[in-house]
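S.K.:
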Amino acid sequence: MCSRPRCRQRDRKSGWQRRVFALSARGMTEPAISFGPFVLDAADRRLLRAGEPVEVSARYFDALALLVSEGGRLVTKERFHEEVWRGIPVTDEALTQCIRSLRRALDDDAAAPRFIETVPRHGYRFIAPLTGAPAPGPAARHSPPVVHDIAQDTAAAALGGASAGIVGGLLYLTLGLISPSMGTASTLLVLVSMNLLLGLAGGGAVGLGVSLMRRGGDAVWRAALGGTAGGLLVGAVAHMIGTDLFELLFGRSPGAVTGAAEGAVMGLAVGVSFATAMGLGYERQVLGAATGLLSGAIAGVALVATGGKLMAGSLAELAQQFPDSRLGMGRAGAMLASAGEPQWMIALATVIEGALFAGGVVGALLVVRRLRISGR
Numbered sequence: 012m013c014s015r016p017r018c019r020q021r022d023r024k025s026g027w028q029r030r031v032f033a034l035s036a037r038g039m040t041e042p043a044i045s046f047g048p049f050v051l052d053a054a055d056r057r058l059l060r061a062g063e064p065v066e067v068s069a070r071y072f073d074a075l076a077l078l079v080s081e082g083g084r085l086v087t088k089e090r091f092h093e094e095v096w097r098g099i100p101v102t103d104e105a106l107t108q109c110i111r112s113l114r115r116a117l118d119d120d121a122a123a124p125r126f127i128e129t130v131p132r133h134g135y136r137f138i139a140p141l142t143g144a145p146a147p148g149p150a151a152r153h154s155p156p157v158v159h160d161i162a163q164d165t166a167a168a169a170l171g172g173a174s175a176g177i178v179g180g181l182l183y184l185t186l187g188l189i190s191p192s193m194g195t196a197s198t199l200l201v202l203v204s205m206n207l208l209l210g211l212a213g214g215g216a217v218g219l220g221v222s223l224m225r226r227g228g229d230a231v232w233r234a235a236l237g238g239t240a241g242g243l244l245v246g247a248v249a250h251m252i253g254t255d256l257f258e259l260l261f262g263r264s265p266g267a268v269t270g271a272a273e274g275a276v277m278g279l280a281v282g283v284s285f286a287t288a289m290g291l292g293y294e295r296q297v298l299g300a301a302t303g304l305l306s307g308a309i310a311g312v313a314l315v316a317t318g319g320k321l322m323a324g325s326l327a328e329l330a331q332q333f334p335d336s337r338l339g340m341g342r343a344g345a346m347l348a349s350a351g352e353p354q355w356m357i358a359l360a361t362v363i364e365g366a367l368f369a370g371g372v373v374g375a376l377l378v379v380r381r382l383r384i385s386g387r
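One point on numbering: in my numbering, the residue at position 50 of the sequence shown is 61, and numbering is uninterrupted.
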């Protein structure tokens, strides 16, 4: 055996690769190792979750394969530097960033690890149970079950948006923005039904956009672009249908009501906050859901500052455009009638609506993703 450092490095590298491939002897079509909902496909150099590829760089994949190959034994920092970086001079910060990225890909948490455990000042060990798993065949590689996941995400986001709409409808009456001129029960039923349908459509479209764009990677810009596109589309369609409906029935435009711009802003808020929540890790997703509330509230403030309208503002505009209607806007109507009076109630309602919508959609997406990862 060669005793030079370069040869020892090659021998050590081939050693952990042999351990990774050892499970292929169990009759599998290709070597693969399963842990939790993940499969490490060593031959194809892919990390899969429920048959769906997880984006991991080549060097970080090598680090994960090294950890897995040791199966619970300590992997020192020196071994990472020798076998993953192959002698290239790097600082410990590069290794720390590598482990942080792997934990994010695995939805792991350093404080309560399920997969990668830190051994302070020494290195890391892989602590999850390992089993052999058949690597996916050619058909599975080209058609992973992404359609099912996208459908789940869309349905969850739609339910989250609908839930936010229901709560928003109840708040209109609670804050006195709408007076029950038809009777409290009838007004409540109409408001809740309308908000439920709009929240269902808006949440579903935004969730679909976010889920589709994240198929290509976990970058924040992907989720932001997908959410913006979904919100823009559903906002434009809803505005067009609403405007045409009023023109057809009443011969008049409903005025400046919510539309594509507002939908895009709310979709952007959902996309950014969801991507941010995903970066916080599996164990911090309650905090991640709070980012949806905050991001939605910020979006609401931006809409107020630029003259945008969500549901409360749109209803107030309708009440002003159609004074003979039975839509009693209570304090909101009085505010709109007085141009010099600050419309703080409408502004407050817009901020609350934004927070509820983004928080509901992001929370629902996080819940369904957590259930999917846990295999439920």
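Even for Gly, the Cβ is constructed at its ideal location relative to N, Cα and C.
Is the segment 366 to 373 touching the segment 278 to 288, taking contact as three or more C-beta pairs under 8 Å?
M.R.: yes
S.K.: Could you tell me whether the segment 271 to 283 touches the segment 310 to 328, where touching means 3 or more Cβ pairs closer than 8 Å?
M.R.: Touching, yes, given that three or more Cβ pairs across the two stretches are closer than 8 Å.
S.K.: DSSP three-state call for GLU63: helix, strand or coil?
M.R.: strand
S.K.: Tell me, to the nearest whole angstrom, how far the beta carbon of ASP99 is from that of TYR135; I am working on the premise that it is less than 8 Å.
M.R.: Position check: residue 99 holds Ile in this sequence, whereas Asp was assumed. Wrong, their Cβ atoms sit about 19 Å apart, outside the cutoff.
S.K.: Give the straight-line distance between the Cα atoms of GLU128 and VAL86, rounded to the nearest whole angstrom.
M.R.: 10 Å
S.K.: How long is the line joining the alpha carbons of SER325 and THR269, rounded to whole angstroms?
M.R.: 6 Å
S.K.: Put GLY218 into one of helix, strand or coil per three-state DSSP.
M.R.: GLY218 falls in the helix class under three-state DSSP.
S.K.: Since I believe GLY218 is in contact with ALA249 (beta carbons under 8 Å), could you give me their beta-carbon distance rounded to a whole number of angstroms?
M.R.: Wrong, their Cβ atoms sit about 16 Å apart, outside the cutoff.
S.K.: I'd like the list of long-range same chain contacts for LEU314, defined as Cβ closer than 8 Å, with 5 residues on each side in sequence excluded.
M.R.: Excluding positions up to five away in sequence, the list reads GLU273, VAL276, LYS320, LEU321, THR361 and GLY365.
S.K.: Please identify the residue among THR185, GLY180, LEU329 and TRP355 whose C-alpha is closest to the C-alpha of VAL312.
M.R.: The residue with the shortest Cα to Cα distance from VAL312 is TRP355.
S.K.: Suppose contacts are defined by Cβ-Cβ distances below 7 Å. Is ALA116 in contact with VAL50 by that definition?
M.R.: no
S.K.: Across which residues does DSSP place PHE2 in a beta bridge pair?
M.R.: In the structure displayed, the chain extends from 12 to 387; residue 2 sits before or after that span and is not available.
S.K.: Would SER212 be called buried (16 or more neighbouring beta carbons within 10 Å of its own) or exposed?
M.R.: Residue identity differs from the one stated: residue 212 is Ala in this sequence, not Ser. Buried.
S.K.: Counting only the same chain and skipping the five closest in sequence on each side, list residues whose C-beta sits under 7 Å from that of LEU243.
M.R.: ALA271, GLY274, ALA275 and GLY278
S.K.: Take ALA375 as the anchor and find which of GLU328, MET251 and ALA301 has the nearest alpha-carbon.
M.R.: The shortest C-alpha separation from ALA375 is found at ALA301.
S.K.: Starting from the Cα of LEU382, find the closest Cα among ASP229, ASP52, GLU94 and ASP160 and give me that residue.
M.R.: Ranked by Cα distance from LEU382, the options ASP229, ASP52, GLU94 and ASP160 are led by ASP160.
S.K.: Assign ALA144 to one of two classes, buried (16 or more other C-beta atoms within 10 Å of its C-beta) or exposed (fewer than that).
M.R.: Confidence at ALA144 is low in this model, with a pLDDT of 49, below 50, so the placement of that residue should be treated as unreliable; the coordinate-derived value is given next. Flag for ALA144 reads buried.
S.K.: Could you check if LEU75 is buried or exposed, using at least 16 other CB atoms within 10 Å of its CB as the buried criterion?
M.R.: buried
S.K.: Measure the Cβ-Cβ separation of PHE126 and ASP120 and say whether it is below 7 Å.
M.R.: no
S.K.: Taking C-beta to C-beta, are GLY220 and ALA240 nearer than 7 Å?
M.R.: Against a cut-off of 7 Å, the Cβ pair of ALA240 and GLY220 comes out as a contact.
S.K.: Going by the beta-carbon positions, is the gap between ARG56 and PHE72 smaller than 7 Å?
M.R.: yes
S.K.: With a Cβ-Cβ cutoff of 7 Å, do LEU207 and ILE177 count as a contact?
M.R.: yes
S.K.: Check VAL95 in the structure and name its three-state DSSP category.
M.R.: Note: VAL95 maps to coil in three-state DSSP.
S.K.: Please list the terminal residues of the continuous beta strand (DSSP E) segment that includes ILE127.
M.R.: 127 to 130
S.K.: Output the distance between the C-alpha atoms of MET224 and MET289, rounded to the nearest integer angstrom.
M.R.: 14 Å
S.K.: Express the C-alpha separation of LEU291 and LEU199 in angstroms, rounding to a whole number.
M.R.: 38 Å
S.K.: Going by alpha carbons, who is nearest to GLU328 out of ALA54, ASP229 and THR254?
M.R.: THR254
S.K.: Whose C-alpha, out of GLY237, ALA61, ALA166 and ALA310, is nearest the C-alpha of VAL379?
M.R.: Looking at the Cα atoms, ALA166 is the closest of the given residues.
S.K.: Within 10 angstroms of its Cβ, does SER233 collect 16 or more other Cβ (buried), or is it exposed?
M.R.: In the sequence under discussion, the amino acid at residue 233 is Arg, which differs from the Ser named in the question. The residue is buried, with at least 16 neighbouring Cβ atoms inside 10 Å.
S.K.: Does DSSP classify VAL158 as helix, strand or coil?
M.R.: helix
S.K.: Apart from the five residues just before and just after VAL130, which ones in its own chain have a Cβ nearer than 7 Å to its Cβ?
M.R.: LEU85 and ARG136
S.K.: Buried or exposed for GLU94, please, with buried defined as at least 16 other CB atoms from any protein chain shown within 10 angstroms of its CB.
M.R.: By the neighbour-count rule (16 or more Cβ atoms within 10 Å), GLU94 is buried.
S.K.: Whole angstroms are fine: how far does the CA of SER306 sit from the CA of ALA235?
M.R.: 12 Å
S.K.: So, helix, strand or coil for VAL315, using DSSP?
M.R.: helix
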